[in-house]
Every structure is written in structure tokens, then in C-alpha cells.
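Undergrad: For the sequence shown, UniProt numbering begins at 1 and goes up steadily by one.
In this text, a Cβ means the ideal position worked out from N, Cα and C, and glycines have one as well.
One structure, pasted below without further comment.
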Amino acid sequence: MRDVDEEHAGRPRVAAMGEPPVAVSAKPFAERPTRQQTLAFAVHIFTATGAVLGLLALIAAVEGNWALMFAWLGAALFVDGIDGSIARKVRVVEVLPRWSGETLDLVVDYLTYVLVPAFAVATGGLMPTWLAVPASAAILLTSALYFADTNMKTEDKYFQGFPAVWNLVVFYFFLLPMNGYVVAAIIAFLSAATFLPIKFVHPFRVVRGRILTIALMTLWALLAVTAVVEKLAPPVWVDVGLCLVGLYFLLFGLVPSRRRAA
Numbered sequence: 001m002r003d004v005d006e007e008h009a010g011r012p013r014v015a016a017m018g019e020p021p022v023a024v025s026a027k028p029f030a031e032r033p034t035r036q037q038t039l040a041f042a043v044h045i046f047t048a049t050g051a052v053l054g055l056l057a058l059i060a061a062v063e064g065n066w067a068l069m070f071a072w073l074g075a076a077l078f079v080d081g082i083d084g085s086i087a088r089k090v091r092v093v094e095v096l097p098r099w100s101g102e103t104l105d106l107v108v109d110y111l112t113y114v115l116v117p118a119f120a121v122a123t124g125g126l127m128p129t130w131l132a133v134p135a136s137a138a139i140l141l142t143s144a145l146y147f148a149d150t151n152m153k154t155e156d157k158y159f160q161g162f163p164a165v166w167n168l169v170v171f172y173f174f175l176l177p178m179n180g181y182v183v184a185a186i187i188a189f190l191s192a193a194t195f196l197p198i199k200f201v202h203p204f205r206v207v208r209g210r211i212l213t214i215a216l217m218t219l220w221a222l223l224a225v226t227a228v229v230e231k232l233a234p235p236v237w238v239d240v241g242l243c244l245v246g247l248y249f250l251l252f253g254l255v256p257s258r259r260r261a262a
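As C-alpha cells, this is what we get:
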């Protein structure tokens, strides 16, 4: 009898003949995730795929295949560009509060926006090694502090300070011929700009000029894909187009708005 009782311990007792049926607890069924929770978690998984793309970019960087590295980083940038809109659409914060999409996004962004580009700076031959390592360290340190800043965004949805988009900056380093000391100077300036009260546009969240901003961002993406397909040696017009669009995003936040923020 002891063996039988232990074997059936924890199982619902089957009613004997003539006894009323034993009620089975519905608690396990109530704990099953709802359809909305499953969908919300799928959005988190989609965001997390950016980390996998970052790993593939790092592998390409180790192999010195810079065009492939930027292709993977571009794919990660695409994921990062649309996952927030999807998350708001399915109300991830309300439906699945246990997992922080904001924290997950920061983890993935640090890998793809900062770590992989810093590795490319350190090993890509852009400048002498004695200068490349400190430059990469500056990228890593200032970006880590920026990602921890709770005031990284202004009330009108701009980024405050250089938003650590080193994947885009390093893309220009490999695309355009630059002296190593010029590259180091740009890294030093942008590292310092991380902590300056300068506005940088968020292409989706800033209302001012949103249509033009999104249109130029789309144009930039098409030109960047062309440059990657051409192994970072595209026609001159592609370089010129990328520089002009980049200049727009660089200066947009510095031009004061004629309208007062609501």
C-alpha cells in the first residue's frame, strides 16, 4: 500500500463507483499564458534576435570581412527600428510586465551599436594600434555611461547628447578614406558629445519634420545597402548621398524649432 500511495501522491483521486466526481483544480489551466502574452513574448524574442545578428557581425569582423559585418549590423538596425512600434502595438508593457523590453533593447543595442563597432576600430587598421585601442576604450566607456543615463531622451523625444550610434559612425570610417588621426579626433569629439546638452533626432519619435526625416532615413538605408553590396567601394554619388543625409541627421537637433514644444 505504501508503494501505491507514493506512486499516486499528488495525483487527483479517481472517484469510486457511486461517489460524486472529484473536482480537479483549474489553477494550472489559469496559469497558462494567454494569446496576448504569447504574442508579447514573441516580440521580446524578435528583439533578442538582434544579439544573434551582433554575434554574426562580430564573427565577420574577426575574419576581416567588413562589408559582411555591416550587413549583419544593418539587419540588427532594422530589427531595432521596428521592434518598438510592434511592442507598442501589442501593448507589451501592460501584457507582459515581468520582462523589460527597454532593458532587453539596451543590452542588444550595446552589442550591435557599440561593442562590435569598437572591435572594428581596434582591429580594422583605421589608425595605429597605440591609438586604436584607447579610441575603442573611449567608445566602450562613454557608451556604457550613456546607456545608463536615465535622461538620455528629452521631453520632446530627442536624444540628449550623442546617442552612441557608433555602428553608423564606424560605417563612414570604412566607407570614406580618412587619415587615422582624423578618425581618432572624430571619436574623441563624439565621445565628449555624449555628455553635452546637444539634441540628436530620433527618426521615429520626434514629431517635427517626421515625414522628411523618415524619407531621408529610407534613402540612407537604400544607399547604405548599395555601399555594402559594392563591398564598401560604391560609386561616388552613393558616398555623396550618404554624407548629405548624414549631415542632415547630425545638424537637425542643432537647428532651433520655430514652434514652442507642446
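Given 7 angstroms as the limit, tell me if S100 has its C-beta closer than that to any heavy atom belonging to the ligand GDP.
TA: Judged by which ligands are present, the structure shown has none, so any question about the ligand GDP falls away.
Undergrad: Which residues mark the beginning and the end of the alpha helix (DSSP H) in which R210 is found?
TA: Reading the sequence shown from its first residue, position 210 is the one you call residue 210. 210-229 is the span of the alpha helix (DSSP H), which, as asked, contains R210.
Undergrad: Do the region 111-121 and the region 51-68 make contact, defined as three or more Cβ pairs closer than 8 angstroms?
TA: As far as the Cβ criterion goes, the region 111-121 touches the region 51-68, which means the pair count is three or higher.
Undergrad: Using three-state DSSP, classify K89 as helix, strand or coil.
TA: By 1-based counting over the sequence shown, the position of residue 89 is 89. Note: K89 maps to helix in three-state DSSP.
Undergrad: At which residues does the alpha helix (DSSP H) containing L106 begin and terminate?
TA: Along the sequence shown, one-based indexing puts residue 106 at 106. 101-109 is the extent of the alpha helix (DSSP H) around L106.
Undergrad: Starting from A42, trace the alpha helix (DSSP H) both ways and give me its first and last residue.
TA: Position 42 of the sequence shown holds residue 42. Segment 35-62, the alpha helix (DSSP H) holding A42.
Undergrad: When the Cα atoms are used, what is the spatial distance from A193 to G101?
TA: Mapped onto the sequence shown, residue 193 falls at position 193. Mapped onto the sequence shown, residue 101 falls at position 101. So the two alpha carbons sit approximately 27 angstroms from each other.
Undergrad: Would DSSP call G246 helix, strand or coil?
TA: The sequence position of residue 246 within the sequence shown is 246, counting from 1. Helix at G246.
Undergrad: With DSSP as the reference, label F204 as helix, strand or coil.
TA: Counted from its first residue, the sequence shown places residue 204 at position 204. If DSSP states are grouped into helix, strand and coil, F204 belongs with coil.
Undergrad: Please work out which residues of its chain come closer than 6 angstroms, Cβ to Cβ, to A67, disregarding the five sequence neighbours upstream and downstream, and give them in chain order.
TA: By one-based count along the sequence shown, residue 67 stands at place 67. Contacts found: V228, K231, L232.
Undergrad: Going straight from the alpha carbon of V116 to that of A61, what length do you get?
TA: Counted from its first residue, the sequence shown places residue 116 at position 116. Counted from its first residue, the sequence shown places residue 61 at position 61. Taking the straight line joining both Cα atoms gives about 8 angstroms.
Undergrad: What do you get for A148, buried or exposed, if any count of 16 or more other CB atoms within 10 angstroms of its CB means buried?
TA: Mapped onto the sequence shown, residue 148 falls at position 148. The residue in question, A148, is exposed, as its Cβ has fewer than 16 Cβ neighbours within 10 Å.
Undergrad: Nearest-angstrom Cα distance between D239 and T218?
TA: As a position in the sequence shown, residue 239 is number 239, starting the count at 1. As a position in the sequence shown, residue 218 is number 218, starting the count at 1. Rounded to whole angstroms, D239 to T218 spans 15 angstroms at the Cα level.
Undergrad: Can you have a look at K199 and say buried or exposed, based on whether 16 or more other CB atoms are within 10 angstroms of its CB?
TA: Residue numbering aside, residue 199 sits at position 199 when the sequence shown is read from its first letter. The residue in question, K199, is buried, as its Cβ has 16 or more Cβ neighbours within 10 Å.
Undergrad: Can you name the start and end residues of the alpha helix (DSSP H) that G180 belongs to?
TA: Residue mapping note: residue 180 aligns to position 180 of the sequence shown, counting from 1. Run containing G180: 180-193, per the alpha helix (DSSP H) assignment.
Undergrad: Using a Cβ-Cβ cut-off of 6 angstroms (strictly less than) and excluding sequence neighbours within five positions of F174, which residues of its own chain qualify?
TA: Here residue 174 refers to the residue found at position 174 of the sequence shown. Once the five neighbours on either side are set aside, the close Cβ partners of F174 are W66, L232.
Undergrad: Please determine, among F46, P134, T154, the residue with the shortest C-alpha to C-alpha distance to H202.
TA: Indexing the sequence shown from 1 puts residue 202 at position 202. Closest by alpha carbon: T154.
Undergrad: From V170 to G241, what does the alpha carbon distance come to, in whole angstroms?
TA: Along the sequence shown, one-based indexing puts residue 170 at 170. Along the sequence shown, one-based indexing puts residue 241 at 241. If I take the Cα positions, the gap works out to 17 angstroms.
Undergrad: What is the rounded straight-line gap between the Cα of G209 and the Cα of V255?
TA: Reading the sequence shown from its first residue, position 209 is the one you call residue 209. Reading the sequence shown from its first residue, position 255 is the one you call residue 255. Computed Cα separation, rounded: 12 angstroms.
Undergrad: Tell whether a beta-carbon distance below 8 angstroms holds between A87 and V43.
TA: For this step, residue 87 is matched to residue 87 along the sequence shown. For this step, residue 43 is matched to residue 43 along the sequence shown. Cβ atoms of A87 and V43: closer than 8 angstroms.
Undergrad: For a quick check, are the C-beta atoms of L140 and V114 less than 8 angstroms apart?
TA: Taking the sequence shown and counting its residues from 1, one reaches residue 140 at position 140. Taking the sequence shown and counting its residues from 1, one reaches residue 114 at position 114. Yes, the Cβ-Cβ distance between L140 and V114 is below 8 angstroms.
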